[in-house]
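Accompanying notes for the structure given below.
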Amino acid sequence: QVETLKTKVLEQAQEIGRLRSELGGTDAEKHRDLLAAENERLRQEMKACEGELRELRRQQQAPCRDCPHLQENAGLQEQLSQLQREAEETRARLVELDLEVQQKTNRLAEVELRLKDSLAERAEEEERLSRRLRDSQETIASLKSQPQQIKYIIKTVEVESAKAKQALCETQSRNQYLQEQVGMQRQVLKEMEQQLQSSQKTEAQLRAQIMLYEAELERAHGQMLEEMQAMEEEKNRAIEEAFSRAQVEMKAVHENLAGVRTNLLTLQPALRTLTHDYNSLKRQVRDFPLLLQETLRSARAEISQAIEEVHSTNRELLRKYRRELQLRKKCHNELVRLKGNIRVFGRVRPITKEDGEGPEATNAVTFDTDDDAVLHLLHKGKQVSFELDKVFPPQASQEEVFQEVQALVTSCIDGYNVCIFAYGQTGAGKTYTMEGTAANPGINQRALQLLFSEVRSKAADWDYAITVSAAEIYNESLRDLLGKEPQEKLEIKLCPDGSGQLYVPGLTEFRVQSVEDINKVFEFGHVKRVTECTNLNEHSSRSHALLIITVRGLDRSTGLRTTGKLNLVDLAGSERVGRSGAEGSRLREAQHINKSLSALGDVIYALRSRQGHVPFRNSKLTYLLQDSLSGDSKTLMMVQVSPAEKNTSETLCSLKFAERVRSVELGPVSRKAELASWPSQEQLEVTKGLLVLFLPPHPRATPGRGHTSHSSGQLSGRAASIRRKLQTSG
Ligand code: ADP
Ligand code: MG
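Per the UniProt record's numbering, the sequence shown runs over residues 1 to 730.
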């Protein structure tokens, strides 16, 4: 029994060893460690996923609507899908691991079950062994109570049982130890179970977290998909818009193209003609210099020929011009002779304030609307008509008057002597007509202006010198208005060279070159007159004022010389002073005036009637103006009248004087005599000294021209009667 017990114990031990080896903690521990390591790895992967997810989210949040990020987005998506794949793999691996854990747990449960079985078996065995032990002890006790023999047997048994007892003890202790070991194993198993549980818990947690992450991932994915969708839509929309726009543009371009094509079609023939034109033009341009040279040569030849022709024509013209000049002079002289070189104009001034008011100031002069040479005067209820060469009504301007006079003035440049007299009673407008006002100048100023402009226009061929003298004749004495000693009486003398010419020694003559110079001369003379007279108006009405302008010319081309003299005379008042019973100096003045005016009348009469004898010497005035009154000279008598009722008797006298002077008939015989008597213009052109006057040769009443003297005699009778009438009226 002991033997069997021993084998049994041995078996038991073996079993325990097997069990221990089977339960060997190393495998489970290894498995656990493996699981833990796997877990750790998963955790790491999870963390990496989280980081990537965060990064993705951040990138999503960042404004990346612009297309350049799309590529990045695609890359990220790819990464995401890879990560998803990895997560999927991890999940599969987790499932595998779970399965493994399950298997392990099952096996553990199995092992536990077997452990329990073996424990129960051992307990049974122990029970059986303890029972056998008790049986053996009872047997031993019964055997002791039996005889010696038995005693001996008992003793051996006792000896043997001691040994068994010791073995039992040993086995018991060994059993104890084994039980302790089993307990320890149980403890370890418990701990392992706990560990397994906690690892399962962690796994569950991890799984939940994975689920969470997956959900988040899903959401992010969904969002991303949505955004991608939206972007896709936007892209499609943009593409559609661009497409439609492109279509419209394409259409327009097509239309344009069609237009251009048609244009091209129409332009092609034009281009062809243009090319043709261009080629022909090119040819022309190539030939042009030659053509031009040819043309220039011929043009030059033509021009030089034309110039030659012009030169010869010019020479011919110059020759003709000189001949014409002579002819013109002859014709002019003839014309003057035919027309009469003495003309009589009348000028009626307007009614002025000085005429006063009432019946005395009424107008007594009327004009003929059809004939500008006729005027009617209402005198003492009777209308008397007068015919002159020209009559200026009150409204006639200075300009108009000068228009009629300017031909006379210009003839002075041609070398003629001219006299313009203003005749009339004081206040009739003599000074107004001759001098005028500053704003409205009279004949003097205008004549000089005209002379200057004429001289300027002829400056190309002629050299001219214009000189001016101013003199006054008062009480039959001549005074220089421009001289240093105006009180000095000047004398008219015969030239000592025996030429028969007259000159006034000491008469100042100013050379003038412009209107400004003339103004200065006028001012100078005027100032002198004013300072010397207590009453200028009165004085001027009793003296004759003379402005003598001499124009000397030289024709540079012909060498012809001319001298013309323009005498502008503002006569003393023609009123009949004698009637008012003046005495003393006033009477003397009146007598002198009457004498000189009637002498002027006589001279003009004698000249106009071509008398053989002209009484120049009867007054200082006529004597001084002798050369300007005779020959081809021209004389204008401007008779000034007042239209006022109170002046009608004086007006009547003035007009009668005018008409008488004018109405002298010219006879052909007397004209002949005149031609023989007076020096020709050519004779007058010779100038010497300051102011040269011509003394006419004595009328040559030759025996062969008896009819001439006869005619003169006839006319002198009429002159005497006029003189008589003038003297009585003056
Ligand atoms: P006279 O010299 O004959 O004595 P004035 O020339 O001094 O006369 O003239 C007398 C007045 O009459 C002046 O005040 C002058 O201005 C004026 N007068 C003369 N003629 C005219 C005219 N045609 N138009 C306007 N006023 C004139
Ligand atoms: Mg006057």
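Backbone N, C-alpha and C define an ideal beta-carbon position, used for all residues, glycine too. Model, not experiment: these values are computed from the prediction.
Quick one, which of 256, 203, 344, 49 has its alpha-carbon nearest residue 422's?
-> 344
Could you give the C-beta distance for residue 475 and residue 589, rounded to a whole number, given that I count them as a contact under 8 Å?
-> 6 Å
Are residue 159 and residue 119 touching if we call contact CB-CB under 8 Å?
-> no
Stretch-stretch touch, CB-based, cutoff 8 Å, three pairs: the stretch 640-658 with the stretch 375-384 = yes
Going by DSSP, name the residue or residues bridged to residue 423.
-> 639
Check the DSSP bridge columns for residue 474 and list the partner residues they point to.
-> 477
Cutoff 8 Å; reference residue 604; Cβ partners in own chain excluding five residues on either side | 342, 629, 635, 637, 661
8 Å Cβ cutoff, residue 636 in contact with chain C = This model lacks chain C altogether; it includes just one protein chain.
Every unbroken alpha helix (DSSP H) inside the stretch 350-374 [4 residues or more] = none
Report yes if the CB atom of residue 426 is closer than 8 Å to the CB atom of residue 541, and no otherwise.
-> yes
Ranges of the alpha helix (DSSP H) found wholly within the stretch 479-556, counting only runs of at least 4 | 515-532, 536-541
Cβ of residue 489 within 8 Å of Cβ of residue 481?
-> no
Would you kindly work out how many angstroms separate the C-alpha atoms of residue 352 and residue 599, rounded to a whole number?
-> 32 Å
Is any heavy atom in the ligand ADP found nearer than 7 Å to the beta carbon of residue 423?
-> no
Rounded to whole angstroms, what's the CA-CA distance from residue 314 to residue 463? Just pull it up for me.
-> 21 Å
Hey, would you say residue 568 sits closer than 8 Å to residue 443, going by beta carbons?
-> yes
Residue 70 and residue 56: beta carbons closer than 8 Å?
-> no
What's the C-alpha gap between residue 210 and residue 46?
-> 8 Å
Any idea what DSSP makes of residue 458, helix, strand or coil?
-> coil
Thinking just about the alpha-carbon of each residue, which of 198, 517, 405 is nearest to the one in residue 469?
-> 517
Taking 7 Å as the cut-off, does the CB of residue 731 come closer than this to any heavy atom belonging to the ligand ADP?
-> With the chain running from 1 to 730 in the structure shown, residue 731 is simply not present.
Option in 363, 348, 354 with minimal Cα separation from residue 372 = 348
Between residue 447 and the rest of its own chain, which residues show a CB-CB distance below 6 Å, the 5 nearest in sequence each way excluded?
-> 409
Exposed or buried, residue 734, counting other C-beta atoms within 10 Å across all chains shown (16 or more means buried)?
-> This structure does not reach residue 734, given that the chain is present from 1 up to 730, and the question cannot be answered.
Residue from 126, 237, 208 with nearest C-alpha to residue 173 = 126
Verify the contact flag: residue 426, CB atom, against every heavy atom of the ligand ADP, threshold strictly below 7 Å.
-> yes
Buried or exposed for residue 169, please, with buried defined as at least 16 other CB atoms from any protein chain shown within 10 angstroms of its CB.
-> exposed
Reduced DSSP category for residue 119 - H, G, I as helix; E, B as strand; rest coil = helix
Stretch-stretch touch, CB-based, cutoff 8 Å, three pairs: the stretch 208-224 with the stretch 76-93 = yes
Per DSSP, which residues does residue 463 bridge with? Please list them.
-> 554
Taking only heavy atoms of the ligand ADP into account, decide whether any of them is closer than 7 Å to the Cβ of residue 352.
-> yes
Are the stretch 425-441 and the stretch 450-465 in contact at 8 Å, needing three or more beta carbon pairs?
-> no
Consult DSSP for residue 13 and reduce its assignment to one of helix, strand or coil.
-> helix
Any chance the CB of residue 346 is under 7 Å from a heavy atom of the ligand ADP?
-> no
With residue 657 as the anchor, note down where its alpha helix (DSSP H) starts and where it stops.
-> 648-662
Classify residue 632 as helix, strand or coil using the three-state DSSP reduction.
-> coil
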